[in-house]
Amino acid sequence: MIHIIVGTRAQIIKMAPIMKELENRGIDYNYIFLAQHKETMYEIMAQFEIKRPDIVIGDMNKDITNVKDMIFWSFYILIYSFFKSKKIFRDDKRGVALIHGDAPPLFLGAFMAKRQGLKVAQIEAGLRSHNYLKPFPEELTRVISAKVGLIDIFFCQNEKAVNNISHLNRTTYCTDYNTILDSLRLAEQSHLTTKHIETNEKFAVVSLHRFETISKKEELEKAVTEIHKITKHIKLFFILHPPTRVSLKKNGLYDNLKNNPRCTLL
């Protein structure tokens, strides 16, 4: 059986095309939601018209955005999975778990799946910065998960990513592109009402959500400064993730951006 493990907004956006394809082919899958992110998650699922999770673990009724909450949330998931592994994976011991990227649910989900006896496939695998602190904790998560043998199959987006993990001698596929392309195509076909922005200007879209950036005032200030510089040349639409909005307000930078007529906060 196929088990899909998702925990963040980025993961659901990039896994949605795979889930839709399975549904279109009539292939049943077990959808496991490790709720690192809570806000807007179900709205995103509805946007892509994918089924609701078969099981939800670690729902703290909020986004997990700081180290203290992350530690508690991680231990909760591991302890729950220790006692409820059969329930989580429908007593399957021969299937495969698909997990995207390098967020904490990769390590947690892979650990759970391997303990159950399943194979683990990583989508968008092989990305490396070769700096454990940038991005943090993503670089640590993906490197450790691969090195300790939690991942059996790597789906890489390009040859560079393939080369980064070639020394591991495991099953590797080069898909030649990122599933975000499929996500954009699905979004264009969506029947749900979306927010349309009227502008005749050229514009760019900004997204800022890395923990290492929004958790440090100095890094956040650098990012905001760059945004202001860019608006001198092109109009920006800044899509604010809930933790980003909170961090900008906490550090006194939200109004600074809001007052820039060339930067629209969404």
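Residue numbers for the sequence shown follow the numbering used here, so the first one is 9 and each next one is one higher. We put the beta carbon where it would ideally sit given N, CA and C, even for glycine. The structure presented is a predicted model; accordingly, all values stated were derived computationally and were not measured.
Open item on the list: Please report the straight-line C-alpha distance between K258 and V14, rounded to a whole angstrom.
Closed with: Each residue's alpha carbon lies about 29 Å from the other.
Task: Residue environment, M68, which counts as buried when at least 16 other CB atoms sit within 10 Å - done: Taking a 10 Å sphere around the C-beta of M68, we find fewer than 16 other C-beta atoms and assign the residue as exposed.
TODO: Assess, as a yes-or-no matter, whether the stretch 128 to 146 is touched by the stretch 162 to 176 under the definition of 3 or more beta carbon pairs within less than 8 Å.
DONE: The stretch 162 to 176 is in contact with the stretch 128 to 146.
- [ ] Could you tell me whether the stretch 13 to 30 touches the stretch 123 to 132, using the rule of 3 or more Cβ pairs below 8 Å?
- [x] A contact between stretches requires three or more CB pairs, one per stretch, nearer than 8 Å, and the stretch 13 to 30 meets this requirement with the stretch 123 to 132.
- [ ] Just the C-alpha distance for V214 and I159, rounded to the nearest angstrom, thanks.
- [x] In this structure, the straight-line span from the alpha carbon of V214 to that of I159 is close to 32 Å.
- [ ] With a threshold of 16 other CB atoms inside 10 Å of the CB of T149, please say whether the residue is buried or exposed.
- [x] Burial of T149 is indicated by the presence of at least 16 other C-beta atoms within 10 angstroms of its C-beta.
- [ ] State the DSSP-derived secondary structure class of E206, mapped to helix, strand or coil.
- [x] Coil.
Open item on the list: Please state the DSSP three-state secondary structure of Q44.
Closed with: Correct three-state label for Q44: coil.
Open item on the list: With three or more C-beta pairs closer than 8 Å as the rule, is the stretch 100 to 109 touching the stretch 84 to 92?
Closed with: Cβ pair count under 8 Å is below three, so no.
TODO: Could you check if A43 is buried or exposed, using at least 16 other CB atoms within 10 Å of its CB as the buried criterion?
DONE: Buried: at least 16 other Cβ atoms inside 10 Å.
Open item on the list: If contact is defined by three or more beta carbon pairs under 8 Å, each pair taking one atom from either stretch, is the stretch 179 to 190 in contact with the stretch 39 to 55?
Closed with: Result no; under three Cβ-Cβ pairs closer than 8 Å.
- [ ] Can you give me the start and stop residues for the beta strand (DSSP E) that I247 sits inside?
- [x] From DSSP, the beta strand (DSSP E) with I247 extends over K243 to I247.
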